[in-house]
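Participant:
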Amino acid sequence: MTVRTPRLAVVLPLVLLPVIAACGSRARVVVEDDAAVEGASPTLAFDEAGAPPDASLGRDPETCEEATLTRSYVGCDYYPTVTANNVWSVFDYAVVVSNIGKTAAEVRVEGPSATNVLAVLAPGELRKIYLPWVPALKGPDADAFGSAVAMTASVVARKGAFHLVSSVPVVVYQFNALEYRGQGGPPGKSWASCPNRLSCFSRSNDASLLLPTTAWTTSYRVTGMPGWSTGAPLPDPHIMGATLSVTAAFDDTDVTVHLAGKAHVLAGADTPAKGPGETVTFRLKKGDVAELVTPKGERYDLSGSLVASSHPVEVITGIPCVNVPKDQAACDHVEETVLPAEALGRRYVVTTPSRPKGGRGLHVVRLYGNRDGTRLVYAPKKPAGCPDTLGAGEVAECSGLVSEDFVVEATAEIGVSSFLVGATMYDPTDEDPRGDPSQTSFAAIEQFRRTYLFLAPDDYDTSYAVVVGPEDARPVLDGVPVSAPFEPIAAGLGTFRVALGPGKGGSHTLAADKPVGVQVLGYGGYTSYAYPGGLDLRLISPPPALPK
Numbered sequence: 365m366t367v368r369t370p371r372l373a374v375v376l377p378l379v380l381l382p383v384i385a386a387c388g389s390r391a392r393v394v395v396e397d398d399a400a401v402e403g404a405s406p407t408l409a410f411d412e413a414g415a416p417p418d419a420s421l422g423r424d425p426e427t428c429e430e431a432t433l434t435r436s437y438v439g440c441d442y443y444p445t446v447t448a449n450n451v452w453s454v455f456d457y458a459v460v461v462s463n464i465g466k467t468a469a470e471v472r473v474e475g476p477s478a479t480n481v482l483a484v485l486a487p488g489e490l491r492k493i494y495l496p497w498v499p500a501l502k503g504p505d506a507d508a509f510g511s512a513v514a515m516t517a518s519v520v521a522r523k524g525a526f527h528l529v530s531s532v533p534v535v536v537y538q539f540n541a542l543e544y545r546g547q548g549g550p551p552g553k554s555w556a557s558c559p560n561r562l563s564c565f566s567r568s569n570d571a572s573l574l575l576p577t578t579a580w581t582t583s584y585r586v587t588g589m590p591g592w593s594t595g596a597p598l599p600d601p602h603i604m605g606a607t608l609s610v611t612a613a614f615d616d617t618d619v620t621v622h623l624a625g626k627a628h629v630l631a632g633a634d635t636p637a638k639g640p641g642e643t644v645t646f647r648l649k650k651g652d653v654a655e656l657v658t659p660k661g662e663r664y665d666l667s668g669s670l671v672a673s674s675h676p677v678e679v680i681t682g683i684p685c686v687n688v689p690k691d692q693a694a695c696d697h698v699e700e701t702v703l704p705a706e707a708l709g710r711r712y713v714v715t716t717p718s719r720p721k722g723g724r725g726l727h728v729v730r731l732y733g734n735r736d737g738t739r740l741v742y743a744p745k746k747p748a749g750c751p752d753t754l755g756a757g758e759v760a761e762c763s764g765l766v767s768e769d770f771v772v773e774a775t776a777e778i779g780v781s782s783f784l785v786g787a788t789m790y791d792p793t794d795e796d797p798r799g800d801p802s803q804t805s806f807a808a809i810e811q812f813r814r815t816y817l818f819l820a821p822d823d824y825d826t827s828y829a830v831v832v833g834p835e836d837a838r839p840v841l842d843g844v845p846v847s848a849p850f851e852p853i854a855a856g857l858g859t860f861r862v863a864l865g866p867g868k869g870g871s872h873t874l875a876a877d878k879p880v881g882v883q884v885l886g887y888g889g890y891t892s893y894a895y896p897g898g899l900d901l902r903l904i905s906p907p908p909a910l911p912k
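Note that the sequence shown covers residues 365 to 912 in this note's numbering.
(1) Leaving aside the five residues before and after Val-785 along the sequence, list all residues of the same chain whose C-beta is less than 6 Å from its C-beta, in chain order.
(2) What is the DSSP secondary structure of Ile-493, reduced to helix, strand or coil?
(3) What's the gap between the Cα of Ala-631 and the Cα of Pro-717?
(4) Assuming Asp-800 contacts Asp-696 (C-beta within less than 8 Å), just tell me the rounded distance between them.
(5) Spell out the partners DSSP gives Gly-682 in its beta bridges.
(6) Could you round the C-beta distance between Val-520 and Tyr-584 to whole angstroms and report it? I think they count as a contact, below 8 Å.
(7) Taking the alpha helix (DSSP H) that Thr-432 falls in, what are its first and last residues?
(8) What are the boundary residues of the alpha helix (DSSP H) that Ala-500 is part of?
(9) Please classify Ser-667: is it buried, with 16 or more other beta-carbons within 10 angstroms of its beta-carbon, or exposed?
(10) Within a Cβ cutoff of 7 Å, which residues of the same chain sit near Ser-531, ignoring the five residues on either side of it in sequence?
(11) Tell me the rounded alpha-carbon separation between Ser-827 and Arg-813.
(12) Near Gly-639, what residues of its chain come up, given a Cβ to Cβ distance below 6 Å and the 5 sequence neighbours on each side ignored?
(13) Are there three or more Cβ pairs, one per stretch, closer than 8 Å when the segment 491–501 is compared with the segment 438–447?
(14) Measure the alpha-carbon distance for Ala-386 versus Ile-809 and round it to whole angstroms.
(15) Could you give the residue range of the beta strand (DSSP E) that holds Cys-440?
(16) Where Arg-710 and Ser-554 are concerned, what is the direct C-alpha to C-alpha distance, given to the nearest angstrom?
(17) Which residue marks the beginning of the beta strand (DSSP E) containing Gly-668, and which one marks its end?
(18) Using C-beta distances below 7 Å, list every residue in its chain close to Lys-502, excluding the 5 sequence neighbours before and after it, in chain order.
(19) Asn-463: which of Tyr-537, Pro-476 and Ser-453 sits nearest, CA to CA?
(20) Helix, strand or coil for Thr-445? Go by DSSP, reduced to three states.
(21) Any idea what DSSP makes of Gln-692, helix, strand or coil?
(22) Rounded to the nearest angstrom, how far is the Cβ of Gly-488 from that of Ser-871, given a contact under 8 Å?
(23) Can you find at least 3 beta carbon pairs, one from the segment 604–612 and one from the segment 671–682, that sit closer than 8 Å?
(24) Touching or not, the segment 558–576 and the segment 690–704, by the rule of three or more beta carbon pairs under 8 Å?
(25) Let me confirm a value: Arg-783 is counted as buried when at least 16 other C-beta atoms fall within 10 Å, else exposed. Which label applies?
(26) Assuming the contact rule is C-beta atoms closer than 8 Å, Arg-567 and Gly-510 should be a hit. Round their C-beta distance to whole Å, please.
(27) Would you check if there are 3 or more beta carbon pairs closer than 8 Å linking the segment 751–767 to the segment 727–738?
(28) Flag this pair as yes or no: are the beta carbons of Ala-863 and Ala-837 separated by less than 9 Å?
(29) So if DSSP puts Phe-539 in a beta bridge, which residue, or which two residues, is it bridged to?
(30) Could you tell me the distance, in whole angstroms, from the CA atom of Glu-430 to the CA atom of Val-713?
(31) Determine the DSSP secondary structure at Thr-577, reduced to helix, strand or coil.
(32) Are Gly-733 and Gly-749 touching if we call contact CB-CB under 9 Å?
(33) Using the beta-carbon count (16 or more within 10 Å), is Gln-547 buried or exposed?
(34) Taking the alpha-carbon of Thr-587 as reference, which of Val-759, Gly-889 and Tyr-816 has the nearest alpha-carbon?
(35) If I follow the unbroken beta strand (DSSP E) through Val-741, where does it start and stop?
(36) Look up Gln-547 in the DSSP assignment and say whether it is helix, strand or coil.
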């Protein structure tokens, strides 16, 4: 889909500044912590006249109290949530946890299927924690031939989320699923039940950067992609619907989802069918998950919808399986955590993913409006079909596949997402092609950091980090200055593309002299993963109001 907007008669001055420490923000945020009462949530208040406080400590937080104040992807309290995926259930859903601190982390995970796991992580240790699937949220497996099967209803899974609590700040990613081929897994695992013993590949994986509850808010502009319709001449070319998952951390959380222009929601036991311009409402208890599902096909898209809640929630978008582009194999699961609307910014560096064998790759780029009358400018040039304007809830997709890095600046906050392409786009004749679709979000320049700890699991053949910033940021990866060349884009910004594998999977540290952004991605046979390597989540934009 390509959404075109009229070219503006007025040319905005290009004020695409080099990376600086979160300038240009407009809203001062005060967190009034009334959560002393069990089950209460913090109140987020905005002072339009002020500037946001810099809560940075100049280092990663060492205590849970510090993690609460800094509002970043580092924290102590998380809710891993299974999302719909056609992957065979013999493959494992898992979270990967890294202890960023100097003291041992006691990590406990509780949840569905009587899960109660305690893990003690030494300083700097990375740990894979395997968790059971939640069938109601996962949906059906593909058949024995790997053919995709769509979900047929929305669902509310009571106590369907896992709850992960750490004694000290950690970083958490969820992998849906973790393995891409039939090997590895928890101790003693048998792969004998794999539906295809001769070619036991998952073919349907992605991963999400999880946000701690201390970074959640009550407002989200949905960033995702439409359902999947194939270009093949089939009796029913509409294959798959998109999903939107909302997880609560507090009892009696009332959620309203105002559906955007192409959003349709299938009915479920707790939610009625709804269409564009209508609202879906539901009440969740702590640990409940509502997974809204669209009908099959690219005509339906939850993107641009607005989620508002009475207490902070977690929001994840995805599709059980999708081709990118729609007529290029192979179908793969995509998902990513939606960033809070209050954490969206106006300036983004949109980088192409690294190819499986290195170099700049291809991706689909979507931009999401959060305010009416938003104007956009690009450097060094506008990719074909990218929008000049966006309205609140409007979604635009740049034409075709984007192959060049660019910078975009808007007059109001926007969201930007990237979708990796299918393996046949890179290795059409390879018998064991690398890659397939994945979804990731870009952090605004205003949310860049000087330090990161990120994960690149060793379950994949190769992984990459794409570091974005000014040339004089001088990034240092795992204590060693990055030797990759600086590739300029525009406005003094550029990329350092770093290969992390094979053999370099695991926990990585990144430090820079100036704030930078990081995208992390990896490839295996018939699959990939992608996510932001981290970001600050300071509340730099007022939340949008629900339409009346």
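Even for Gly, the Cβ is constructed at its ideal location relative to N, Cα and C.
Facilitator: Working from what's here:
(1) Cβ neighbours of Val-785 beyond the five flanking positions: Val-688 and Leu-726.
(2) Reduced to three states, the DSSP call for Ile-493 is strand.
(3) Straight-line measurement puts the Cα of Pro-717 at about 36 Å from the Cα of Ala-631.
(4) With a beta-carbon spacing of about 4 Å, Asp-800 and Asp-696 fall inside the 8 Å limit used to define contacts.
(5) Note: Gly-682 sits in a beta bridge opposite Thr-607 and Glu-699.
(6) No, Val-520 and Tyr-584 are not in contact; Cβ-Cβ is about 18 Å, not under 8 Å.
(7) Its alpha helix (DSSP H) spans residues 428–434.
(8) Start and end: 499–502.
(9) Burial call: buried.
(10) Ala-469 and Glu-470, listed in sequence order.
(11) About 21 Å.
(12) Excluding the 5 residues flanking it on each side, Gly-639 has same chain C-beta neighbours closer than 6 Å at His-628, in chain order.
(13) With the rule of 3 Cβ pairs closer than 8 Å, the segment 491–501 counts as touching the segment 438–447.
(14) In this prediction, Ala-386 has a pLDDT of 32, which is less than 50 and means its spatial position is unreliable; what the coordinates show is noted afterwards. Computed Cα separation, rounded: 7 Å.
(15) Per DSSP, the unbroken beta strand (DSSP E) holding Cys-440 starts and ends at 439–442.
(16) Taking the CA atoms as reference points, Arg-710 sits about 49 Å from Ser-554.
(17) From DSSP, Gly-668 is part of no beta strand (DSSP E); its letter is neither H nor E.
(18) If we look at Lys-502 and ignore the five residues flanking it on each side, its Cβ neighbours are Val-446, Ala-448 and Asn-449.
(19) Ranking the options by Cα distance to Asn-463, first place goes to Tyr-537.
(20) Thr-445 falls in the coil class under three-state DSSP.
(21) If DSSP states are grouped into helix, strand and coil, Gln-692 belongs with coil.
(22) Contact between Gly-488 and Ser-871 is confirmed by a C-beta separation of about 7 Å, below the 8 Å threshold.
(23) In short, these stretches touch, since the Cβ pair count reaches three.
(24) Yes, the segment 558–576 touches the segment 690–704.
(25) The sequence shown places Phe at residue 783, not Arg. If you draw a 10 Å sphere on the C-beta of Phe-783, you find 16 or more other C-beta atoms in it, and that means buried.
(26) With 8 Å as the limit, Arg-567 and Gly-510 qualify as a contact, their Cβ atoms being about 6 Å apart.
(27) Yes: the two stretches touch, three or more of their Cβ pairs being nearer than 8 Å.
(28) Contact: no.
(29) Note: Phe-539 sits in a beta bridge opposite Ala-458 and Ala-571.
(30) Cα to Cα, Glu-430 sits roughly 29 Å from Val-713.
(31) Note: Thr-577 maps to helix in three-state DSSP.
(32) With respect to Gly-749, Gly-733 sits apart: the two C-beta atoms are not nearer than 9 Å.
(33) Its Cβ having fewer than 16 others within 10 Å, Gln-547 is exposed.
(34) The shortest Cα separation from Thr-587 among Val-759, Gly-889 and Tyr-816 belongs to Val-759.
(35) Counting along the chain, the beta strand (DSSP E) containing Val-741 begins and ends at 738–743.
(36) In the structure shown, Gln-547 falls within a coil segment according to DSSP collapsed to helix, strand and coil.
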